[in-house]
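Residue numbers (numbering that gives the first Met the number 0): 0 to 621.
I have placed the structure first, in the form of structure tokens, so that the comments after it can refer back to it.
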Amino acid sequence: MCGIIAYTGPRQALNLLVDGLHRLEYRGYDSAGIAVQSPKGQLHVEKQVGRVTELARKLPAKVPGTCGIAHTRWATHGGVTTENCHPHLDALERIAVVHNGIIENMGPLKARLVAEGVRFRSETDTEVIVHLIAHFYDGMGALGDSVSPDAAGDPVVALRSALARLRGTWGLAVIFADHPGVVFAARNGSPLVVGLGEGETFLASDPHALTPHTRRVVFLHDGELARIDTSGVQTYRLDGASKSHTVDTLEQEWGDSSLGEFPHYMLKEIHEQPEALRQCLSGRLVVEEGTARLGGLDLGPRELVRLPHVTLLGCGTAFHACLVGAGAIEQLARIPARAEIASEHRLRNPVIDPEALFFAVSQSGETADTLGAVKEVQVKGGQVMGVVNVVGSSIARACGRGVYIHSGPEMAVASTKAFSNMVTALLLFALQLGRTRALSPLQGRELAVALQDAPSLLRAYLAQPGPIEDAVRAVIGAKMVLFLGRGASAAVAAEGALKLMEVAYIPCVAYPSGEMKHGPIALLEPGSPVVVIAPDDGLKDKTLSNLQECRARGARIILIYTEGDHEAAALADVAIAVPRSHPLLSPLVTVLPLQLLAYRAGLALGRDIDRPRNLAKSVTVE
Ligand code: F6R
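Right under this line is the structure:
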């Protein structure tokens, strides 16, 4: 989703900003733009629909200036047009703004500005912000309400006055032509991080964009403003009082984010899963005691044993991992556990039991709906912990405690290795919780050993992935693909359908296999592809009965089954074997062929694999 990068320092800003935009590309976007303060006291702005490389191609060879802001846009208000690209300028072109987030009261604010004579050049909500800042910067009268009299000519006061009138979410970077070398920033619900260099300072919406330059960072908090210059950052509260801030150090070993020998990040990340899984397990299994220790939770057995129930919150792929995790917690700990879509949970005024435990599961740690759910649980006195990949992300910091899943950088928009590590982290928790209850040392040890061996199972499958191309041929021309599974495999079915939809743009429907006959069976006609996930986990026979029901209607069956299960394989048109695993671990192996199917189908259809249309890596709007 939208990305921000800004720079002030002794170096020429242009190339640094373009490099920064490239590092934000993986988040998904549809257009990009840049504004540089020229030494002559003007703002040089360039915008382009499409990729950052297209913007770079369009830029003049030199745009002199050592301070600037840049943006990748993912359209919310207004179409994908050059006019709607950020940065947006005020009428006199002295102030430039880039913005992540959504202004909810854009309508009434715009109406008042228009009534004052302001002419808008775009359809965006962001343009309201820049005109509002200009309004106060010029010391103009109240917009129908009281105004700080001292705003004229003072960027911080003008910014504060404007922000006080906005409703919604923002991560903002602002430059003024008459304040050379200074970038102003503000955050409310959309992340911003300041990077402190030697005599130069950066601002970004994503720490990843800062790591080539510095690891010393200041995370801005909601409701904060910042003034950034070559000597560092000064932070303020919205009421104008200056605030202290802490300097954090970004992790050294975040991992390799280059493509290496792979043609796409998605394929690279699929193949990284065995190693990512090893990282997630590292130091967390206590095999001899048949348990796990998740230090970041800081929950001892006496606290764990009192938990009445667990709720797992997430969106998209993270939600699918929550479904698997909830099942495992119930199985092993015998307490109620449920998964819920974060955007639903946060807005339905949920009943929160303060004794219970909530998990917010997120790769990016920035998903607005999941962050909103965290806040709602906290407002109601609940205890919520993060299961997060990106260290220091908003969700990780809002939760304070939790489990890092240690997937390393996930650059492809379609999530793969984060799914397997979320599932693994939740299995570790289920094991730890289970051992405070009925789970015996022997049962615990059996699962701990299975988890320890899981990376090699994944490696074995990826070395011999089976007839994926046959499956691709069965789905690429299809009107619709039905995915079926039971128990944890129902969650894997949902994940496989999501992957194929987002990467190949093929309509997919996922159902728990028992539900199939209650509706989706009506979709089946001769040749309809049905992907059935039926590992040998105790539920298989019932799933195979549903498979038969599909076959009876002429469906083409793509079966994911446990190797050696010849009886099951004989029922399929395309049978893809995965290694035998502990039943609770089956999602870790059954998801692999589905990820490969989505990748190969997307490739066959000429899709933009790593950046599927309309999608974003980090969904920072609600
Ligand atoms: C699917 C996908 C999305 C994300 C969802 C949540 O491949 O990537 O469905 O899973 O947007 O994102 P995080 O995990 O960052 O909260």
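All residues carry an ideal CB built from backbone N, CA and C; glycine is no exception.
On a predicted model such as this, the values are computed, not experimentally measured, just so you know.
Min CB distance residue i to chain C below 8 Å
{"i": "T619", "result": "No chain C appears in the structure shown, which is made up of a single protein chain."}
Residue i: CB within 7 Å of a non-hydrogen atom of the ligand F6R
{"i": "E621", "result": "no"}
{"i": "G313", "result": "yes"}
{"i": "T316", "result": "yes"}
{"i": "T369", "result": "yes"}
{"i": "T366", "result": "yes"}
{"i": "L331", "result": "no"}
{"i": "S363", "result": "yes"}
{"i": "E343", "result": "no"}
{"i": "L661", "result": "There is simply no residue 661 to check, as the chain begins at 0 and stops at 621 in what is shown."}
{"i": "E103", "result": "no"}
{"i": "A110", "result": "no"}
{"i": "E339", "result": "no"}
{"i": "A490", "result": "no"}
{"i": "E501", "result": "yes"}
{"i": "A600", "result": "no"}
{"i": "S419", "result": "no"}
{"i": "A413", "result": "yes"}
{"i": "V618", "result": "yes"}
For residue j and residue i, believed in contact at Cβ under 8 Å, the rounded distance
{"i": "L331", "j": "G433", "result": "3 Å"}
{"i": "P528", "j": "V474", "result": "5 Å"}
{"i": "H319", "j": "F418", "result": "7 Å"}
{"i": "T81", "j": "V35", "result": "At roughly 18 Å, the Cβ-Cβ gap does not stay under 8 Å, so T81 and V35 are not in contact."}
{"i": "G465", "j": "A567", "result": "Rounded, the Cβ-Cβ distance is 14 Å, inconsistent with contact."}
{"i": "A338", "j": "M421", "result": "Rounded, the Cβ-Cβ distance is 11 Å, inconsistent with contact."}
{"i": "C84", "j": "S30", "result": "4 Å"}
{"i": "G391", "j": "P586", "result": "Not a contact, Cβ separation roughly 28 Å."}
{"i": "P190", "j": "S393", "result": "5 Å"}
{"i": "V508", "j": "A521", "result": "No, V508 and A521 are not in contact; Cβ-Cβ is about 11 Å, not under 8 Å."}
{"i": "V17", "j": "A55", "result": "5 Å"}
{"i": "E45", "j": "K61", "result": "The pair is not a contact, with the Cβ atoms about 12 Å apart (cut-off 8 Å)."}
{"i": "E268", "j": "K109", "result": "In fact, because the Cβ distance is near 42 Å, the residues do not count as touching under 8 Å."}
{"i": "V193", "j": "L158", "result": "Contact doesn't hold; Cβ gap of about 16 Å is too wide."}
Residues near residue i by beta carbon distance below 8 Å, same chain, minus five either side
{"i": "R400", "result": "G295, L296, D297, M384 and G385"}
{"i": "I128", "result": "H87, V96, H98, I102, A161, L165, W169 and L171"}
{"i": "L538", "result": "R485, G486 and S488"}
{"i": "T248", "result": "R214, R215 and V216"}
{"i": "S145", "result": "Confidence at S145 is low in this model, with a pLDDT of 47, below 50, so its placement is unreliable and no value can be given for it."}
{"i": "K242", "result": "E223, T234, Y235 and R236"}
Close-in-space but distant-in-sequence residues of the same chain around residue i (CB under 7 Å, 5 per side omitted)
{"i": "V448", "result": "V286"}
{"i": "I556", "result": "V529, V531, L546, C549, R550, L570, A571 and D572"}
{"i": "E92", "result": "L42"}
{"i": "D124", "result": "H76, I101, I102 and M105"}
{"i": "R436", "result": "V304, A332 and R333"}
{"i": "E53", "result": "Q47"}
{"i": "L15", "result": "Y6"}
{"i": "R458", "result": "P273"}
{"i": "Q463", "result": "none"}
{"i": "L438", "result": "L331"}
Residue i CB to nearest heavy atom of the ligand MN below 7 Å
{"i": "V588", "result": "In the structure shown, the ligand MN is absent; the only ligands present are the ligand F6R."}
Beta-carbon contacts of residue i that lie in its chain and below 6 Å, excluding the five residues immediately before and after
{"i": "F119", "result": "E126"}
{"i": "L456", "result": "P578, S580 and V588"}
{"i": "S363", "result": "V389 and S617"}
{"i": "F357", "result": "T310, V376, G381 and V383"}
{"i": "V630", "result": "There is no way to answer for residue 630, as the model of the chain reaches only from 0 to 621."}
{"i": "G289", "result": "P440, G443, R444 and A447"}
{"i": "E365", "result": "P190, S392, S393, S617 and T619"}
{"i": "A470", "result": "I557, V573 and L596"}
{"i": "E629", "result": "Since the displayed the chain opens at 0 and closes at 621, residue 629 lies outside it and no answer follows."}
Quiz prompt | Whole alpha helix (DSSP H) elements within the region 337-419, 4-residue minimum | solution = 341-346, 367-378 and 393-398
Quiz item: Fully enclosed by the region 493-580, which alpha helix (DSSP H) runs are 4 residues long or longer?
Solution: 539-551 and 565-568
Practice problem: Ignoring anything shorter than 4 residues or poking outside the region 282-333, list the alpha helix (DSSP H) runs there in chain order. | Solution: 300-303 and 315-332
Self-check item: Every unbroken beta strand (DSSP E) within the region 415-455, with a cutoff of 3 residues, ordered by chain
Solution: none
Self-check item: Runs of beta strand (DSSP E) lying entirely within the region 34-99, each at least 3 residues, in chain order
Solution: 42-48, 66-72 and 94-99
Quiz item: Taking the runs of the beta strand (DSSP E) that are 3 residues or longer, which of them lie wholly in the region 186-232?
Solution: 192-195, 200-203, 215-218 and 223-228
Self-check item: Inside the region 466-492 only - beta strand (DSSP E) runs reaching at least 3 residues
Solution: 480-484
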